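Undergrad:
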Amino acid sequence: MLTEFEVRRELETIQSSDAPPGEKARRLLRLDKSLRTQAQALVEAQARTQASRNRSTAAQLERMATNAVMMRDEVRGKALSFLKSRRGLYWHTGF
Numbered sequence: 132m133l134t135e136f137e138v139r140r141e142l143e144t145i146q147s148s149d150a151p152p153g154e155k156a157r158r159l160l161r162l163d164k165s166l167r168t169q170a171q172a173l174v175e176a177q178a179r180t181q182a183s184r185n186r187s188t189a190a191q192l193e194r195m196a197t198n199a200v201m202m203r204d205e206v207r208g209k210a211l212s213f214l215k216s217r218r219g220l221y222w223h224t225g226f
């Protein structure tokens, strides 16, 4: 399970690398996939825990899932910005 610290460290490593924008975006999307899997597992665990009426554990799992989704949104946003910068190198929209 990835911690927020690990995700932010990986984000910094990817952003500061000399890799081309497309490669940075691919690496970020791989990280996104890990976060998506993690968030799905947390949501499923939260649902099972909620069914057993363990409210404190369910609330903690819900917070963890929400945090994973927010980190995922941040990672996807960074990947999109790299893809847009890459697109700018090749396309001119004419606007």
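Using my numbering, the letters of the sequence shown map in sequence onto residues 132 to 226. C-beta: ideal position from N, C-alpha, C; glycine also. Every value quoted in this text rests on a predicted model; they were computed, and no experiment measured them.
How many Å lie between Leu214 and Leu192 at the Cα?
TA: Working through the sequence shown from its first residue, we reach residue 214 at position 83. Working through the sequence shown from its first residue, we reach residue 192 at position 61. C-alpha separation (whole angstroms): 33 Å.
Undergrad: If you pair each beta-carbon of the region 133 to 150 with each one of the region 179 to 197, do three or more pairs fall below 8 Å?
TA: Touching, no.
Undergrad: So, under 8 Å CB-CB, Lys155 and Ser148 are touching, yes? Tell me the CB distance rounded to an integer number of Å.
TA: Locating residue 155 in the sequence shown gives position 24, where the first residue counts as 1. Locating residue 148 in the sequence shown gives position 17, where the first residue counts as 1. Yes, Lys155 and Ser148 are in contact; Cβ-Cβ is about 7 Å, under 8 Å.
Undergrad: Check whether the Cβ atoms of Leu159 and Ile145 sit closer than 7 Å, and answer yes or no.
TA: Start at 1 with the first residue of the sequence shown, and residue 159 comes out as number 28. Start at 1 with the first residue of the sequence shown, and residue 145 comes out as number 14. Against a cut-off of 7 Å, the Cβ pair of Ile145 and Leu159 comes out as a contact.
Undergrad: Give the range of the alpha helix (DSSP H) segment to which Leu159 is assigned.
TA: Taking the first residue of the sequence shown as 1, we reach residue 159 at position 28. Leu159 -> alpha helix (DSSP H) spans Pro152 to Ala182.
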